[in-house]
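Here the structure comes first, spelled out in structure tokens, and everything after it is commentary.
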Amino acid sequence: MIIVSDKAKERILELKKEEGRAENENIRVSVKGGGCSGLMYDLGFDGAQVDTDHVFEDKGVKILVDRKSLLYLAGTTLEFTDGLNGKGFQFVNPNASRTCGCGESFSV
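Structure (structure tokens):
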């Protein structure tokens with residue numbers, strides 16, 4: 001399961017409207033190799049759900065996760081911050097043993 005904070009939900013809905021996204025486009029979260037800690041998060045809109053996707057819904061936000069990425073993302077919370085220390089989506093991942101300073105990459 002991936003949890004969506006209230007602020008993340010609000011920002012996702014704002015972006016969907018601003019970008020003129022179709023109603024059937026959902027959020028896709030995945031993990032890719034790279035970054036200073038070895039693995040990187042990838043977040044974006046996607047209207048193409050495949051049979052092997054795991055689908056989660058929290059607070060009305062539908063999230064698609066491929067099978068491989070699910071191993072790294074189980075129990076993660078998607079947050080959005082807009083404070084002085086930075087602005088953007090952040091992942092609070094209980095599976096990460098180490099994260100980089102910017103929070104965009106991690107290792108397990």
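Per UniProt numbering, residue 1 is the first one in the sequence shown, and the count goes up by one each step. C-beta: ideal position from N, C-alpha, C; glycine also.
Rounded straight-line distance, which links the Cα of residue j to that of residue i
| i | j | result |
| --- | --- | --- |
| residue 74 | residue 13 | 23 Å |
| residue 22 | residue 46 | 10 Å |
| residue 1 | residue 76 | 7 Å |
| residue 61 | residue 4 | 8 Å |
| residue 41 | residue 83 | 21 Å |
| residue 11 | residue 32 | 23 Å |
| residue 48 | residue 7 | 25 Å |
| residue 79 | residue 17 | 19 Å |
Range covered by the alpha helix (DSSP H) that runs through residue i
| i | result |
| --- | --- |
| residue 110 | Limits of the chain in this structure are 1 at one end and 108 at the other, which puts residue 110 out of reach. |
| residue 96 | Neither: residue 96 is in no alpha helix (DSSP H) and is coded neither H nor E. |
Residues that residue i bridges to, as DSSP identifies them
| i | result |
| --- | --- |
| residue 24 | BP columns for residue 24 are empty, so no partner. |
| residue 87 | 82 |
| residue 57 | 62 |
| residue 3 | 77 |
Limits of the unbroken beta strand (DSSP E) element including residue i
| i | result |
| --- | --- |
| residue 79 | 77–83 |
| residue 63 | 61–65 |
Three or more beta-carbon pairs under 8 Å between the stretch 52–60 and the stretch 83–97, yes or no? Taking 8 Å as the limit for Cβ pairs, the verdict is that the stretch 83–97 does not touch the stretch 52–60.
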